[in-house]
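Okay, so here's the structure we're looking at.
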Amino acid sequence: MNDTQQIEGFLDRSLSPQEQLLMEARLLIDTGLQEKVRWQQRSHELIKAYGRKQLRMDIERAQQRVFTEKAFGTFRQIINSIFR
Amino acid sequence: MIIEPMIPQSREALFIRLYQDAFPGAASFVKKMGGNLEEAKDIFQDALVIYYEKSLETAFTANYNEQAYITGICKHLWYKRHRDLKVELPLDEQLKLSEDKELSVSVKLMQLVELSGKKCLDLLKAFYYDQLNMKDLSQRFGFSGERSATVQKYKCLEKVRNEIQQRSLHKDDFYE
Numbered sequence: 367m368n369d370t371q372q373i374e375g376f377l378d379r380s381l382s383p384q385e386q387l388l389m390e391a392r393l394l395i396d397t398g399l400q401e402k403v404r405w406q407q408r409s410h411e412l413i414k415a416y417g418r419k420q421l422r423m424d425i426e427r428a429q430q431r432v433f434t435e436k437a438f439g440t441f442r443q444i445i446n447s448i449f450r
Numbered sequence: 004m005i006i007e008p009m010i011p012q013s014r015e016a017l018f019i020r021l022y023q024d025a026f027p028g029a030a031s032f033v034k035k036m037g038g039n040l041e042e043a044k045d046i047f048q049d050a051l052v053i054y055y056e057k058s059l060e061t062a063f064t065a066n067y068n069e070q071a072y073i074t075g076i077c078k079h080l081w082y083k084r085h086r087d088l089k090v091e092l093p094l095d096e097q098l099k100l101s102e103d104k105e106l107s108v109s110v111k112l113m114q115l116v117e118l119s120g121k122k123c124l125d126l127l128k129a130f131y132y133d134q135l136n137m138k139d140l141s142q143r144f145g146f147s148g149e150r151s152a153t154v155q156k157y158k159c160l161e162k163v164r165n166e167i168q169q170r171s172l173h174k175d176d177f178y179e
């Protein structure tokens, strides 16, 4: 198992007890590995931010459609009457 | 609400349905509170983000009225934005979201990573954010099977990790 996979197991706590111990031991002395763990955690933050960004784009697209397309005229009538 | 393998079209169709079903109720509330259409749209978008992410959590069950739940999120967001109301917010604990402090990942950095490897980022997003299982993921991305999809997933993760680590050495900030 390479480092990336090991680190994933470490981060999501899915390593076996032995693997976990080994990882913790390695982390005590291997600063390169410590760095990798940190940057892999940050990768997950970036992935989540990217996921949210794409999600917002999809929501925005849906909003655009219901507020402009002919098919959703009744919907717009309802909304307009609320804010009249 | 069941989120099936989220192909973009089905997700868009889902949100269109949610607008039709839940936006009028949310809009009525915002209007009642003195808000306008723009504010209603804004809050509703945030609510949909929260709703989507919440529905992917395993503990989330379908024993609720979808419309009422989303309107509830909208109300919660409204009160949070207009704190002078000092209303009890029991939902706070459950939601723990909206303005996530830790997620101010540098937009510029994200764009750079996206530019250098959008396919990788999309794969990682599908697995970690949208929580596709490996079977659906390997089908969606055209892999020969789950095993090769898994291998690629780790390769992509390593690629992203190396890239942001490298860029930080060259003073590209990770956080805004």
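Residue numbers (the working numbering), protein chains in the order written: chain X, 367 to 450; chain G, 4 to 179. Backbone N, C-alpha and C define an ideal beta-carbon position, used for all residues, glycine too.
Would you mind telling me which residues of chain X sit closer than 7 angstroms to residue i, beta carbon to beta carbon, in chain order?
i: LYS44(G); result: GLN429
i: PHE18(G); result: ASP424, ILE425, ALA428
Taking Cβ to Cβ, would you say residue i is nearer than 8 angstroms to residue j?
i: GLU15(G); j: ASP396(X); result: no
i: TYR157(G); j: GLN371(X); result: yes
i: ILE73(G); j: ALA43(G); result: no
i: GLU166(G); j: VAL110(G); result: no
i: LEU412(X); j: VAL52(G); result: no
i: PRO27(G); j: ILE373(X); result: no
i: GLN134(G); j: LEU59(G); result: yes
i: LEU126(G); j: GLN406(X); result: no
For residue i, write down the residues that DSSP places opposite it in a beta bridge.
i: VAL108(G); result: TYR178(G)
Can you give the beta carbon distance from residue i to residue j, rounded, assuming they're within the 8 angstroms contact cut?
i: LYS128(G); j: GLN420(X); result: 7 angstroms
i: ARG170(G); j: LYS402(X); result: With a Cβ gap of about 15 angstroms, ARG170(G) and LYS402(X) do not count as contacting.
i: MET389(X); j: LEU381(X); result: 6 angstroms
i: LEU399(X); j: ARG408(X); result: Wrong, their Cβ atoms sit about 15 angstroms apart, outside the cutoff.
i: LEU124(G); j: TYR416(X); result: 6 angstroms
By the criterion of Cβ-Cβ separation under 8 angstroms, what are the contact partners of residue i in chain X?
i: GLU69(G); result: In chain order: nothing, as chain X lies at least about 15 angstroms away.
i: ASN136(G); result: Residues of chain X passing the Cβ test: none, with the nearest at roughly 15 angstroms.
i: LEU160(G); result: THR370, GLU374, GLN406, SER409
i: SER31(G); result: ILE448
Cβ closer than 9 angstroms: which chain X residues qualify as neighbours of residue i?
i: TYR54(G); result: Those do not exist, as TYR54(G) stays about 10 angstroms from chain X at its closest Cβ, beyond 9 angstroms.
If the cut is a Cβ gap below 9 angstroms, which residues of chain G does residue i touch?
i: LEU388(X); result: Ordered by position in chain G, no residue passes the 9 angstroms Cβ test against LEU388(X), which lies about 19 angstroms from the chain.
If the cut is a Cβ gap below 8 angstroms, which residues of chain G does residue i touch?
i: ARG422(X); result: GLN48, VAL52
i: GLU401(X); result: GLN168
i: ILE445(X); result: PHE26, PRO27, ALA30, LEU40
Quiz item: What runs of the alpha helix (DSSP H), each 4 residues or longer, lie entirely inside the region 9-47 of chain G?
Solution: Segments of the alpha helix (DSSP H) lying fully in the region 9-47 of chain G: 11-35.
Exercise. Run through the region 102-168 of chain G for me and flag every whole alpha helix (DSSP H) of 4 or more residues, listed as ranges in chain order.
Key: 110-119, 121-127, 137-143
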